[in-house]
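Here is the structure we will look at.
Chains as they are written, first to last, in my numbering: chain L, 3 to 495; chain G, 3 to 495.
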């Protein structure tokens, strides 16, 4: 293993610690194209597991997949007023459709004769092109609901990028649904928020707050934006997923009407919802430690690694035969096992490598183990080791994988508890933010002005108004005006 | 069902017949963006089945997935001389990264201050960006082979587009592998050709010819291009997949070297291979008939549809209870079943709809069937019906699905046999082409000039030189010069 294992700790440089894990654990790297990443095979295999779990959840809730064009005609963006107003203008714009050989012989140049009549935008999100398509799909209430999801790449020309967390191109899924009533569309948006929360908590082992965004933080074109917010180890929040109730805004912009049962024509009601490769960032930051990546078993590409420790070929052969049986038994239970018997790498290096890559369980088997019928079993989450009888291994591993999954969740929820505070004055609020960050519950007067001022002065934003929030009358920490509930502030990714 | 069921036949207008099936069976439609298609949920679910089967085959042969940027810096294209020379220049080109509100208040315009320093090309294929990345991944023979695949969208600015067969944007997978020796890279290209042939024959039920392309038809930058060629019902060939031995061309262009066991530095050897949503076009054209789409059971999103025929609620309830049991038994065997008990659509319309959508088996159950303990079972491939005992249904269906899969393959291979000819003179050759098309085995002198002339005069191209081709000395049908083997000509999609 030629890899450089000097890497940062959370304490020393949190941001470098994150980058070191992403790059040195072979999850992703920067590409030659500004702001775009290469997702490496190990990182991509985690994303594939996320995709598979989410896709099944979408299908189990009645959704189907489809695919819409990468390109959106520029004019489409102008059709929904608040969408174009609120949405970032940083997009990749296609203006030409042909290259040609440079007449001076210097490679290739853009052919000036091949300018598009109308420029095309690489989709930053697909509401416009999809609602333009739905016009042809929906005539009557019988055509509703339309429950479609798309797995796709999207591009937002971010100026400051970070692997997985903020990249110009990223992978995501976007659901776009059409309904006969506002109630159905709202309940779809709420249902998908629940699906996201279920996935992030039960697969990623990351606890989330469910809430509604303030008007300031809403998706451009939405009536309401629901979100799940997670807390990272440095006390910063990360928005892990959003779902939007879009009202009839896009239906009106793209003239999508349906005949109701009584024959009356009305505009269709909409929701949209999405999660992206940003979840990879949340996964990495939520659990990892100063020894590298820590993965929850449900999303680990390798759940168990087995390393033989041997003095000669004869011993290796013995160990390998024994391991073959265990591996087979584990695989029969759906557990992913890697047996690493490479002979050019020392066991200690293998240990460090799999530790760094977050493999939940490691088994080491040496000569003495073979004599005693034992194996050494090491947990990545607690970094503890124990000696286990070979005959007990399979059962033990099955239990431990469940235990690790649940332990990671508990650890994350305890961290969040420790980093969740209540502030009753603006001074306390600012002190808490600078001290250790975290979620801060505080009273707010409900105005965008106050929200904006607090953001300017402290860089904290209102992450959400929690669902089913407790109502209590008090004073806004900033303006002193009347407030009816606490909202959740944090600095965020 | 409001759908218009007037559609073309193969005889009347083959091209319209194809489009009618694609559009009216809800597979795909044209989008608002020139040359780009929307893949509709029913079509996409077939593509998902293709993806799942192929992805498993790739992984079973040792490959892993990764993801590389959508954008390729323009200068990358100039680095591999024959790649830039041979590759079509029709690409989507990103020149700007920001929009702005029009000062005149007329929507949005491209911000002229946001021109990119170097234009970015939307990937038409990813050899260049991937080999630029591999330079960082490969130092030693221990890093080889690299066996990576990517599922992605690509764009080629085609002027004349047809749904699935030729679209500006399409979905595909592209494998890009790196090896220590030429032999390994060649054997990888051959192995993946076998994987493709296996998939197309055993899943799509479409027989293929395996062969090598002539230099004229090679991928730009390849030393050798292997291909599988299928024959459609109108006698035209369709290239269903290709794999390329790229030599050291891309490694040299992007300076990717490795230290061999003996310490010597050498350029890395490469292969690449891909299939795309074009396979959907092949699938549709290979089996469908004048009653619509015909799908092989292994790729059918719905394998069995059950339609109740009832006079009253009581009868429906009885039928539904019986069907629930059968559905459960079928699903336990991994068979996909849809029970269509919609009460606003007449059975006859349902029959026509599922027939048109290619559902392999249809069961109808009415009042008399309930009395007799029977059901009517209809096959989509042969359009035959039979009465079956309800107690025999599950076993019968399981057998029939296998039989239909194999029958479609046999039918396709018989069609191909009937449309495969041998021409010994250029006159015969031309007559065969105009008469019924098909694959024509003919002697060719091996020169690009002759190949080009024949193409100009007849629109037929050399589809491939079959693998393990029989050697026989004779005269080229065009030039009369010596030829050592027959090659396969056809007009093609």
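Here a beta-carbon is modelled for each residue, glycine too, at the ideal position from N, C-alpha and C.
Where residue i meets chain G, residues with beta-carbon distance less than 9 Å
i, result
"residue 379 of chain L", "Chain G residues near residue 379 of chain L: none, gap ~27 Å exceeds 9 Å."
"residue 92 of chain L", "99, 100, 101, 116"
"residue 179 of chain L", "Result: empty, since nearest Cβ-Cβ is about 12 Å, beyond 9 Å."
Distance between residue j and residue i (C-alpha atoms, nearest Å)
i, j, result
"residue 66 of chain L", "residue 224 of chain L", "23 Å"
"residue 402 of chain G", "residue 381 of chain G", "8 Å"
"residue 466 of chain G", "residue 202 of chain G", "17 Å"
"residue 221 of chain G", "residue 290 of chain G", "31 Å"
"residue 497 of chain G", "residue 122 of chain L", "With chain G covering only 3 through 495, there is no way to say anything about residue 497 of chain G."
"residue 234 of chain L", "residue 353 of chain G", "55 Å"
"residue 106 of chain L", "residue 217 of chain G", "28 Å"
"residue 77 of chain G", "residue 96 of chain G", "13 Å"
"residue 391 of chain L", "residue 329 of chain L", "15 Å"
"residue 163 of chain L", "residue 170 of chain L", "7 Å"
"residue 315 of chain G", "residue 144 of chain L", "21 Å"
"residue 502 of chain L", "residue 24 of chain L", "There is no way to answer for residue 502 of chain L, as the model of chain L reaches only from 3 to 495."
"residue 116 of chain L", "residue 131 of chain G", "24 Å"
"residue 308 of chain L", "residue 339 of chain L", "7 Å"
"residue 283 of chain L", "residue 188 of chain L", "29 Å"
"residue 153 of chain G", "residue 489 of chain G", "33 Å"
"residue 412 of chain L", "residue 434 of chain L", "24 Å"
"residue 410 of chain L", "residue 199 of chain L", "16 Å"
"residue 1 of chain G", "residue 227 of chain L", "Residue 1 of chain G cannot be examined here, being either before or after the span of chain G that is shown, 3 to 495."
"residue 477 of chain G", "residue 439 of chain G", "22 Å"
"residue 250 of chain G", "residue 323 of chain L", "40 Å"
"residue 472 of chain L", "residue 443 of chain L", "11 Å"
Chain L residues whose Cβ lies nearer than 9 Å to that of residue i
i, result
"residue 514 of chain G", "Residue 514 of chain G is absent from the model: chain G starts at 3 and stops at 495."
"residue 470 of chain G", "None at all; the shortest Cβ gap to chain L is about 34 Å."
"residue 86 of chain G", "101, 103, 109, 110"
"residue 304 of chain G", "None at all; the shortest Cβ gap to chain L is about 12 Å."
Rounded Cβ spacing between residue i and residue j (contact assumed at less than 8 Å)
i, j, result
"residue 192 of chain L", "residue 179 of chain L", "In fact, because the Cβ distance is near 12 Å, the residues do not count as touching under 8 Å."
"residue 212 of chain G", "residue 195 of chain G", "6 Å"
"residue 165 of chain L", "residue 125 of chain L", "Going by Cβ atoms, the distance from residue 165 of chain L to residue 125 of chain L rounds to 22 Å, so no, they are not a contact pair."
"residue 82 of chain L", "residue 255 of chain L", "4 Å"
"residue 91 of chain L", "residue 118 of chain G", "Not quite, the Cβ-Cβ distance comes to about 15 Å (not below 8 Å), so this is no contact."
"residue 86 of chain G", "residue 110 of chain L", "6 Å"
"residue 335 of chain G", "residue 400 of chain G", "6 Å"
Beta-carbon contacts of residue i that lie in its chain and below 6 Å, excluding the five residues immediately before and after
i, result
"residue 5 of chain L", "Note that residue 5 of chain L has pLDDT 48, beneath the 50 cutoff, so the model's placement of it is unreliable and the number below is only indicative. For residue 5 of chain L, where only same-chain residues beyond five positions count, there are no Cβ hits under 6 Å."
"residue 406 of chain G", "299, 362, 383"
"residue 317 of chain L", "369"
"residue 259 of chain G", "267, 269"
"residue 285 of chain L", "206"
"residue 136 of chain L", "180, 258"
"residue 245 of chain G", "191, 194, 195, 228, 275"
7 Å Cβ cutoff met for residue i and residue j
i, j, result
"residue 311 of chain G", "residue 366 of chain G", "yes"
"residue 42 of chain G", "residue 34 of chain G", "no"
"residue 278 of chain G", "residue 159 of chain G", "no"
"residue 155 of chain L", "residue 60 of chain L", "no"
"residue 239 of chain L", "residue 462 of chain L", "no"
"residue 252 of chain G", "residue 133 of chain G", "yes"
"residue 147 of chain G", "residue 414 of chain G", "no"
"residue 181 of chain G", "residue 49 of chain G", "no"
"residue 281 of chain G", "residue 495 of chain G", "no"
"residue 428 of chain G", "residue 452 of chain G", "no"
"residue 393 of chain G", "residue 432 of chain G", "no"
Cross-chain neighbours of residue i in chain L, by beta carbon under 7 Å
i, result
"residue 35 of chain G", "71, 73, 75, 122"
"residue 173 of chain G", "69"
Under 7 Å from the C-beta of residue i: neighbouring residues of chain G
i, result
"residue 80 of chain L", "109, 110"
"residue 46 of chain L", "67, 68, 69"
"residue 50 of chain L", "67"
"residue 374 of chain L", "Ordered by position in chain G, no residue passes the 7 Å Cβ test against residue 374 of chain L, which lies about 34 Å from the chain."
Contact set for residue i: own chain, Cβ-Cβ below 8 Å, skip 5 residues either direction
i, result
"residue 44 of chain L", "27, 28, 29, 303, 359"
Residue i Cβ short of 6 Å to the ligand NAP heavy atom set
i, result
"residue 133 of chain L", "Absent from the structure shown: the ligand NAP. Ligands present: none."
Interface residues of chain A facing residue i [CB-CB closer than 7 Å]
i, result
"residue 262 of chain L", "The structure shown contains no chain A; the protein chains it does contain are L and G."
Residues near residue i by beta carbon distance below 7 Å, same chain, minus five either side
i, result
"residue 16 of chain G", "236"
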